[in-house]
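To start, the structure under review is shown below, and the notes come after it.
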Amino acid sequence: MAHVLVVTSGKGGVGKTTSTAALGAALASAGERVVVIDFDVGLRNLDLLMGAERRVVYDLIHVVQGAAKLTQALIRDKRIDSLFLLAASQTRDKDALTEEGVERVIRELRPFFDWIICDSPAGIERGASLAMRYADSAIVVANPEVSSVRDSDRIIGLLDSTTTKARHGEQMEKYLLLTRYDAARASRGEMLGVEDVLDILCIPLLGIIPESKEVLNASNVGTPVTLNNPASAPARAYNDVARRLKGEEVPLVVPSDKSGLLNKLFGRRAA
Amino acid sequence: MTTRGTTSFKFRGGTFHALVVRPGTPLEAWLADIDKLLARSPGFFAGKSVVIDVAGLSLTRDAFLGLLDELSKRDIRILGVEGADPSCVDGRVPSLTRDKADKPKRRAPAPAIETSAPAPASSILIDKPVRSGQQIVHPHGDVTVIGSVASGAEIVAAGSIHIYGTLRGRVLAGAYGNARARIFCRKLEAELMAIDGHYLVADDIEPKFRKASIQAWLGGDALEIANMD
Chain W
2 MAHVLVVTSG KGGVGKTTST AALGAALASA GERVVVIDFD VGLRNLDLLM GAERRVVYDL
62 IHVVQGAAKL TQALIRDKRI DSLFLLAASQ TRDKDALTEE GVERVIRELR PFFDWIICDS
122 PAGIERGASL AMRYADSAIV VANPEVSSVR DSDRIIGLLD STTTKARHGE QMEKYLLLTR
182 YDAARASRGE MLGVEDVLDI LCIPLLGIIP ESKEVLNASN VGTPVTLNNP ASAPARAYND
242 VARRLKGEEV PLVVPSDKSG LLNKLFGRRA A
Chain U
-17 MTTRGTTSFK FRGGTFHALV VRPGTPLEAW LADIDKLLAR SPGFFAGKSV VIDVAGLSLT
43 RDAFLGLLDE LSKRDIRILG VEGADPSCVD GRVPSLTRDK ADKPKRRAPA PAIETSAPAP
103 ASSILIDKPV RSGQQIVHPH GDVTVIGSVA SGAEIVAAGS IHIYGTLRGR VLAGAYGNAR
163 ARIFCRKLEA ELMAIDGHYL VADDIEPKFR KASIQAWLGG DALEIANMD
């Protein structure tokens, strides 16, 4: 039975879709059966990052509305057999999503996959709300920057109150993924440090992804960064996160594109 | 064949909470203060039921109606007026008398975090952080938070507010007319602190109290703050 993960943030542009693609690919490369679902109806991007934008026939809205079956809408990745994409519609918008439809899609996917990763849109309205509604756990993506952190705090509040888990009185596991981290700027005080962010958000740290040009390079060629350049710093960081998701204890270091001593961080353990 | 009775309306009594606002004189100066408040917090009165207490102000009918107009221009919804001279009230706004016991029988707008006790507890304890956008409203007593209060979160309490963590949001203590309420926090980074309607925004808080462990109370008409270390 699948574990349903929502990748959410509140703020836009912090790395949800990049992380969904990277982690989906990393988990699938390790043999897991993974489906990534784009909930950003009308502004879809996950298909671009997965390099599947020219193969989308049916999408999430078609399935929600019963116009297509899941098997028709799921797009298998060309590089990894066990990785699938359920794209969002580009012509509709989030009002086309229904709670029953989303619940049914997730329920029908569960028996066939190990991981269902829901790529949430930015914001706190319907799209974000439905993306998190049926999740088992959440990855909250934040940049070390004040607006992103405050928006993530808002999202954490919503994860604790509006999801099905919360309504049943259960606590949803939430993990922080700190993205676009620049160690040099943090040490100069130009950017929030890891401890500052954790102090405000009070959720366990899942990983730190360094700022890198590799992310744009990968997106330009429609390949998740973990596949495009596995030796790069963000790819290594995402691979570490995937291992942690599977339960392995991986010491937290912030990989740098340059080799060097700057990288060990307080010897802290990640969640 | 029996004839069905006509449906009749049912009327019940109810006790509700409202924000009671007492205009000061001269009215123009008081309205200017309201404008300053709205400039800083445009949503301050949004969704709130407001009762105007004009007892002892000896307003003429014109002055009273003018006041209602001014408030309505500022989008402040008046539920009723207390203490108005019968000659002033023309039915535009209901005249209210305060319940003698003044005991709340019904809760104010639902708090974002529900208390576990079935009867309204006199003080509540929240043992996790209050997240941005959450609003805790407790018209019965003190609120204690074990954890931080995020920027963009709001706590409104009839009594004192105790934060065992960092206060980054807004706190309104003594919000139902209790000038003796206090505010305590381990680390002050508040956006706004108020006791019984007297407030300070972050800019007005002396820099020496930023990030400090403090208590705040009402000394006369102004909030006073002192270090707790």
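Chain order of the listed sequences is W and U. Just so we're aligned: 232 in the working numbering is position 231 of the first sequence, and the numbers increase by one with no gaps anywhere. Just so we're aligned: 118 in the working numbering is position 136 of the second sequence, and the numbers increase by one with no gaps anywhere. All C-beta atoms, glycine included, are put in the ideal place defined by N, C-alpha and C.
1) Residue ranges of each beta strand (DSSP E) run of no fewer than 3 residues wholly in the segment 32 to 65 of chain W, ordered along the chain?
2) As an exercise, report each continuous beta strand (DSSP E) stretch of at least 3 residues that is fully enclosed by the segment 6 to 90 of chain U, in chain order.
3) What are the boundary residues of the beta strand (DSSP E) that W/Ile209 is part of?
4) Do we get a CB-CB distance below 8 Å when we pair U/Arg152 with the residues of chain W?
5) Round the Cβ separation of W/Ala74 and W/Val64 to the nearest angstrom and send it over; I've been treating them as touching at under 8 Å.
6) Pairs of beta-carbons, one from the segment 189 to 207 of chain U and one from the segment 155 to 173 of chain U, closer than 8 Å: are there three or more?
7) With DSSP as the reference, label U/Phe191 as helix, strand or coil.
8) What separation, rounded to the nearest whole angstrom, lies between the Cα atoms of U/Ser23 and W/Pro252?
9) Given a cut-off of 8 Å on the beta-carbon distance, is the pair U/Val36 and U/Val75 in contact?
10) Quick one: is U/Gly115 near chain W, going by C-beta distance under 8 Å?
11) Between W/Lys95 and the rest of its own chain, which residues show a CB-CB distance below 6 Å, the 5 nearest in sequence each way excluded?
12) In chain U, what lies closer than 8 Å to W/Ile140 by C-beta?
13) Should the segment 173 to 189 of chain W be regarded as contacting the segment 109 to 128 of chain U, the criterion being three or more beta carbon pairs within less than 8 Å?
14) Below 8 Å, can you find three or more Cβ-Cβ pairs linking the segment 223 to 243 of chain W to the segment 149 to 164 of chain U?
15) Considering just the uninterrupted stretch of the beta strand (DSSP E) at W/Ser138, what are its terminal residues?
16) Run through the segment 121 to 192 of chain W for me and flag every whole beta strand (DSSP E) of 3 or more residues, listed as ranges in chain order.
17) Listed in chain order, which residues of the segment 131 to 152 of chain U have Cβ atoms closer than 7 Å to some Cβ of chain A?
18) Just confirm the distance between the C-beta atoms of W/Asp60 and W/Ala88, as a whole number of angstroms; I'd bet it's less than 8 Å.
19) Using the beta-carbon of each residue, which ones in chain W are nearer than 7 Å to U/Pro111?
20) Considering only C-alpha positions, which residue in the set W/Leu246, W/Ala139, W/Arg155, W/Pro205 is nearest to W/Lys17?
21) Taking 7 Å as the cut-off, is the CB of U/Ala198 close to at least one heavy atom of the ligand PLP?
22) For chain U, find out if any of its Cβ atoms is closer than 8 Å to the Cβ of W/Asp197; answer yes or no.
23) Relative to the alpha-carbon of U/Ser142, which residue among U/Gly129, U/Ile106, U/Lys18 has its alpha-carbon at the smallest distance?
24) Listed from N- to C-terminal order along the chain, which residues in the segment 40 to 63 of chain W have their beta-carbon within a distance smaller than 9 Å of any beta-carbon of chain U?
25) Within 10 Å of its beta-carbon, does U/Ser40 have 16 or more other beta-carbons around it, so buried, or fewer, so exposed?
26) Note the first and the last residue of the continuous alpha helix (DSSP H) segment covering W/Ile81.
27) Using a Cβ-Cβ distance under 8 Å, would W/Ile157 count as near chain U?
28) Tell whether a beta-carbon distance below 8 Å holds between W/Ile125 and W/Ser90.
29) How do the segment 168 to 177 of chain W and the segment 117 to 133 of chain U stand: do at least 3 beta-carbon pairs fall below 8 Å, yes or no?
30) Along the chain, where does the alpha helix (DSSP H) that runs through W/Tyr239 open and close?
31) Using C-beta distances below 7 Å, list every residue in its chain close to W/Pro112, excluding the 5 sequence neighbours before and after it, in chain order.
32) Give the secondary structure of U/Ala204 by DSSP, where H, G and I count as helix, E and B as strand, and everything else as coil.
33) Per DSSP, what are the beta-bridge partners of U/Ala155 in this structure?
34) Just to make sure I have the definition right: I need the residues of chain U whose C-beta is within less than 8 Å of the C-beta of W/Arg151. Which are they?
35) Does W/Asp96 come within less than 8 Å of chain U when only Cβ atoms are used?
36) Would DSSP call U/Gln116 helix, strand or coil?
Put simply:
1) 35 to 39
2) 32 to 35, 60 to 64
3) 206 to 211
4) no
5) 5 Å
6) yes
7) helix
8) 46 Å
9) no
10) yes
11) Val42, Arg127, Gly128
12) Per Cβ cutoff of 8 Å: no residues; W/Ile140 is ~17 Å from chain U at best.
13) no
14) no
15) 138 to 143
16) 138 to 143, 174 to 182
17) Judged by its chain identifiers, the structure shown contains no chain A, and its protein chains are W and U.
18) 5 Å
19) Cys203
20) W/Ala139
21) This structure lacks the ligand PLP; in fact it carries no ligand of any kind.
22) no
23) U/Ile106
24) none
25) exposed
26) Counting along the chain, W/Ile81 falls outside any alpha helix (DSSP H), and DSSP gives it neither H nor E.
27) yes
28) no
29) no
30) 234 to 246
31) Met2
32) strand
33) U/Ile177
34) Ser114, Ala132, Ser133, Gly134
35) no
36) coil
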